[in-house]
Amino acid sequence: MSSPSSTPGPELLDERSFGGVFVHFLGLLTGFLGPAVVYAVSDHEFTRANARQALNWHITVFVLSIVAVPTFFLGADTITVAGEPRELSLLPAPLDTVFGIVGAVLLILTAIAMLLTFVYAIVATVKAIFGSVWEYPGSVAVIERLQ
Numbered sequence: 003m004s005s006p007s008s009t010p011g012p013e014l015l016d017e018r019s020f021g022g023v024f025v026h027f028l029g030l031l032t033g034f035l036g037p038a039v040v041y042a043v044s045d046h047e048f049t050r051a052n053a054r055q056a057l058n059w060h061i062t063v064f065v066l067s068i069v070a071v072p073t074f075f076l077g078a079d080t081i082t083v084a085g086e087p088r089e090l091s092l093l094p095a096p097l098d099t100v101f102g103i104v105g106a107v108l109l110i111l112t113a114i115a116m117l118l119t120f121v122y123a124i125v126a127t128v129k130a131i132f133g134s135v136w137e138y139p140g141s142v143a144v145i146e147r148l149q
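Under my numbering, the first residue of the sequence shown carries the number 3, and numbering increases by one thereafter.
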């Protein structure tokens, strides 16, 4: 009868950390603030790498929403106040239509990105549990550019 193999598997517990796994869930609750704090205070490379990926994604979604909302409202030419339509035209006629359409598309992209945030957080958490860092698709590498 042969004995079970005594060769150890990969030492994942030494390579990963709780912070590296939890940072993705923290990003769901706090946006980019939680991952930014974890990235700033952590000295564990696995935690910092996961925090960097979560931070890049949440900054990307935040900037997209900051651009989408004003662009959409610049294109709005009518608003309803107390049940009555009122003219609100900050831009000339052809530009307000373009801004309205572009803003609407950006708002739709923002809504999709916000929905993807939940999916991405789950995938990134599972990947982190198994010891790898997952790069969020579509995120702009802001943190790498600042270093």
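All C-beta atoms, glycine included, are put in the ideal place defined by N, C-alpha and C.
On a predicted model such as this, the values are computed, not experimentally measured, just so you know.
Phe132 versus Ile103, Pro94, Gly29, Asn52, residue with shortest Cα-Cα distance: It is Asn52.
When the Cα atoms are used, what is the spatial distance from Ser134 to Thr49? 11 Å
How would you call Gly21, buried or exposed, if buried means at least 16 neighbouring beta carbons within 10 angstroms? Buried is the label assigned to Gly21, since at least 16 other Cβ atoms lie within 10 Å of its Cβ.
Unbroken alpha helix (DSSP H) run spanning Glu86, endpoints: Per DSSP, Glu86 belongs to no alpha helix (DSSP H); it is in the beta strand (DSSP E), 86 to 89.
For the alpha helix (DSSP H) containing Val69, list its first residue and its last residue. 47 to 77
Applying the 10 Å Cβ sphere with the 16-neighbour rule, what's the burial state of Thr80? exposed
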